[in-house]
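Numbering-wise, the sequence shown is residues -33 to -1, 1 to 400 according to mature numbering (1 follows the signal peptide of the UniProt record, and there is no 0). Ideal Cβ placement from N, Cα and C applies to all residues, glycine included.
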Amino acid sequence: MAGCMKMINGFISTGAKLMVFVVLLIFLPQTSHQYTGNKHPVIDLVDGEQYVMSGSNRFCYKNSIVPTWRHTWTRIQVNVWSSNVFKVETVEGEEELQQLDRFSFWSWFQGLLRERQNETTININLFSKKTCFKIDPSDKTLYTIKPLRKFDIYLFLVFLSGALLFVFADSLSRSQVFFYSAGMSTGMIASLIIVFFILARFLPKKSPFYVLIVGGWSFSVYAIQLVCRNLGVILREHWHMALGYVAVVGFISFAVCYRYGPLVDQKSINILSWTLQLFSLLLIYLGIQIQQVAFAIIVAALVSKNLEYPFYKAVAAWRRIRRCVRWKPEPRRLLTEEEYQKEGEEETRRALEELRKYCNSPEFSPWKAVSRLQSPKRFADFIEGSPHLMPNEVSVHAQEYGFGGSFFEDEFFDTDDDEEEADENMKPLMKPE
């Protein structure tokens, strides 16, 4: 046990010395000298153009378009690929690009940490007027550069995921399916961070051990970034190892989630819901290139979320007021005789047109209709556009049902007789004297 503690203390002291050395490198005065006094030529890139180069070169991309809300999901990228590995150093301006040739301990240390690769993508800020970078290949192998300005569907999907997560955060925090799936995903992605977090609980609470914990977490984050960067190669060449890792770590994560069970306490559910909402706001911010638009949407989402409860209360109060207060309905206006006659004619004409369309449609069976009609010729004339009534029928209808006709007189006099009979029935019976 004592030997183990000595080894741990020796490892911690070595790590502490390394961190002190790194800090000294950072804060050392950058005494430097210029290798050459001449400025290196800089190549200006144009959207859509493809450049095939060799050797160490310097490039600059000038953004002449002022970004607006229409460029919310627009991304500017410079794709670089080659058959051999190379290094890329990115700076903000052309002056800083010329300073890359100056030697300093800090730049030398950054060069050691910078990874060589044969394919990379440089993301350029929409609000950056000029972005420059230097490509340093390992040999004279040709490499290709192509800048692109395009609508990025991945940015839109990130924004859409954040918006949906913000809307359904309350329901997801109570879902058992989401609890198990989120627990398994977290276990598979951040397994190293979880292991170091568990080990930190058993280590002595002394200052040297915190160096080990911070170093372990930093290594875990670096490992996660490295895996995400080379995920395609891992799935293509080492798929069996990836499948075994997913199976083992996924089962362990599911067992831990099953052991503790889904959230039941209301406070825990609220904390999970707030965490999901904060994460959704982060996704919304990352999915929008224009910061002003992102902040406006975030503020609108927060305001709508906080005003949801008062809005429902106001609607419920308004419904209660409407039930208590009886609004007097406005009296309906009756149609005049001219309006009634005009509306009847319009409705009749519309119904006749619909009948003609139906008779001309394939669904109508003419032979069956002709067999049931007394006057097929009149029906055929009606379909061709002739009136549906004969002149004598119109005159007879006007005589019987028009003003002054027999039907009107019968109805009028029948109404008077009924009123007289009702008055007689209402008179009290008189006793005989």
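| query | result |
| --- | --- |
| Coil, strand or helix - THR242 by DSSP | helix |
| Backbone secondary structure at GLN233 - three-state DSSP | helix |
| Best match in ASN24, PHE126, LYS113 and ARG317 for proximity to ALA268 [C-alpha to C-alpha] | PHE126 |
| Nearest-angstrom beta carbon gap, TYR110 and PRO20 [assumed within contact, 8 Å] | Note that residue 20 is Met in the sequence shown, not Pro. The Cβ separation is near 6 Å, so the contact holds. |
| Assigned secondary structure, ASP103 (DSSP; H/G/I helix, E/B strand, else coil) | strand |
| Residue range of the unbroken beta strand (DSSP E) whose run includes ARG42 | 41 to 58 |
| Where ARG299 sits in the DSSP three-state scheme | coil |
| Separation of GLU310 from ARG339, as counted between CA atoms | 31 Å |
| Reference GLU312; option with closest CA among SER332, TRP334 and HIS355 | HIS355 |
| Coil, strand or helix - GLU86 by DSSP | strand |
| Residue burial classification, VAL45 (beta-carbon count within 10 angstroms, cutoff 16) | buried |
| Cβ-Cβ distance between ARG116 and ASP14 below 7 Å | yes |
| Three CB pairs or more closer than 8 Å across the segment 218 to 234 and the segment 89 to 96 | no |
| Distance between GLU305 and HIS364 (C-alpha atoms, nearest Å) | 17 Å |
| C-beta atoms of TYR279 and CYS224 nearer than 7 Å | no |
| Unbroken beta strand (DSSP E) run spanning LYS113, endpoints | 110 to 118 |
| Option in SER49, PHE123 and HIS7 with minimal Cα separation from PHE256 | First, the amino acid is wrong: residue 256 is Gln here, not Phe. Among SER49, PHE123 and HIS7, the Cα nearest to that of GLN256 is on PHE123. |
| Contact the segment 28 to 42 vs the segment 244 to 262: 3+ CB pairs below 8 Å | yes |
| Secondary structure of ASP348, DSSP reduced to three states | helix |
| Reduced DSSP category for PHE94 - H, G, I as helix; E, B as strand; rest coil | coil |
| Proximity of SER247 and LEU132 at Cβ, strictly below 7 Å | yes |
| ASP137 and SER240 closer than 7 Å at C-beta | yes |
| Extent of the continuous alpha helix (DSSP H) run through residue 413 | Outside the shown range of the chain, which is -33 to 400, sits residue 413, and nothing can be said about it. |
| Sub-7 Å separation of ASN24 and SER49 beta-carbons | no |
| Contacting residues, own chain, Cβ-Cβ under 7 Å from ASN51 (five flanking each side not counted) | ASN85, PRO104, SER105, ASP106 and THR108 |
| Element boundaries [alpha helix (DSSP H), containing LEU340] | That residue, LEU340, is in no alpha helix (DSSP H); it is neither H nor E in DSSP. |
| Bridge partners - LYS29, DSSP secondary structure assignment | LYS97 |
| Closest by C-alpha distance to residue 448, when choosing among GLU360, LEU322 and SER362 | What the structure shows of the chain is the stretch from -33 to 400, and residue 448 is not part of that stretch, so it cannot be assessed. |
| Cα-Cα separation between LYS272 and VAL266, rounded to whole angstroms | 10 Å |
| Burial state of GLN143, where buried means 16 or more other Cβ atoms lie within 10 Å | exposed |
| Beta-carbon gap between LEU250 and SER158 smaller than 7 Å | no |
| Cut-off 8 Å between Cβ atoms - residues of its own chain near TYR325, not counting five sequence neighbours on either side | PHE331 |
| Contact check, VAL55 vs THR98, beta carbons under 7 Å | no |
| Where MET357 falls, given that 16 or more other Cβ within 10 Å makes a residue buried | exposed |
| Pairwise C-alpha distance: LEU198 and PHE135 | 30 Å |
| Contact test: LYS29 Cβ vs the ligand FMN heavy atom, cutoff 6 Å | Looking for the ligand FMN in the displayed structure turns up nothing, as the structure carries no ligands at all. |
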